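Data first, discussion second: the structure below is written as structure tokens.
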Amino acid sequence: MVSTSLPGGTWTLGDLPVTRFGYGAMQLAGPWVMGPPADHGGALAVLRAAVELGITHIDTSEAYGPHVTNQLIREALHPYPDSLHIVTKVGANRDQQGGWPPARDPESLRRSVHENLETLGLDVLDLVNLRLGDAAGPQPGSVAEAFETLVGLQQQGLIRHLGVSNATPEQVAQAQAIAPIVCVQNMYNLAHRQDDELIDALAEQGIAYVPFFPLGGFSPLQSSVLSTVAARLEAAPMSVALAWLLRRSPNILLIPGTSSTTHLRENIAGAALPLSDDDLAELDKIGR
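Residue numbers (the UniProt record's numbering): 1 to 288.
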């Protein structure tokens, strides 16, 4: 039974019911997503708190750390509750300089899927996103070979559902022509609205849109309009930004990350912030 006490209610990824308010595990790794966390026990506590608070959607990647967040998730939560669904992504590795070189050739993708299965302690992955583009954002190019490789692993029973990440609308359409997808995970927030049309199109198809960097990522959102609305509501600007995302479209699923249980609870409370039509209209001008 999926909790509905979290803001936004629930969504179904394929046949997997999840809370629209989820948790992104990237920040549990060390600085710049490299190495282990400074507070190992604190990282485990955040994961356990997320599940205790009713979150049923955790986002991760074998590249985070690398290997670190998957190992923390397994240590904190395995054996997993039936209601919990872990989403991972493949298609990029980490180098010694902290870069994200592409790893989308068939051999690398197969290896990454098996590594995710091993480190998470699973026989099948609920949802695997194919990460495209590069650190600068989506880049044009064919997804056929890489996506067909994941479809093959899906047909072997190693993956339940597929999605794409850091993708152009054209790449989303190309993937869909090969096999069904249940989500798109791209950068999107109040100030970065490049996917507005894509979000609306996916909503019509019943496909989830999962914004990464919902609060700006390594450069937190800065906006005088956002600050003004937040002050009027006596709320933190980041709370307003999360609440806006949940109101933006019913197919948006949130995965804000944090390494603090206090901040986790603050994010949940912030996403539940009520916004009036006037608030929404004012906020809507920021990224237009």
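The C-beta atom is built at its ideal place from N, Cα and C for all residues, glycine as well. All values reported here derive from a predicted model rather than from experimental measurement.
Contact annotation, residue 92 with residue 103: C-beta distance approximately 6 angstroms; criterion of less than 8 angstroms satisfied. Taking C-beta atoms as the reference points, residue 270 and residue 242 count as a pair closer than 8 angstroms. Residue burial is scored here from C-beta neighbours: residue 101 has fewer than 16 other C-beta atoms within 10 angstroms and is therefore classed as exposed.
Annotation for residue 129: no alpha helix (DSSP H) segment contains it, though the beta strand (DSSP E) segment containing it runs 125-131. Between residue 246 and the set 15, 13, 175 and 275, the nearest pair of CA atoms involves 275. Counting the other Cβ atoms within 10 Å of the Cβ of residue 140 gives fewer than 16, which makes it exposed. DSSP places residue 10 in the strand class (E or B) of the three-state scheme.
Linking residue 44 to residue 34 through their CA atoms gives a straight-line distance of about 17 angstroms. The beta-carbon separation of residue 116 and residue 149, rounded to 14 angstroms, does not stay under the 8 angstroms limit for a contact. Per the C-alpha coordinates, the member of 111, 126, 120 and 267 positioned closest to residue 70 is 120.
Of the other Cβ atoms in all chains shown, 16 or more fall within 10 Å of the Cβ of residue 62; this residue is therefore buried. For residue 262, same chain residues with a beta-carbon under 6 angstroms away, outside a window of 5 residues either side, do not exist. For residue 110, the enclosing alpha helix (DSSP H) stretches over residues 106-120. Residue pairing by DSSP places residue 102 opposite 92 in a beta bridge. Assignment of beta-bridge partners to residue 220 by DSSP yields no partner.
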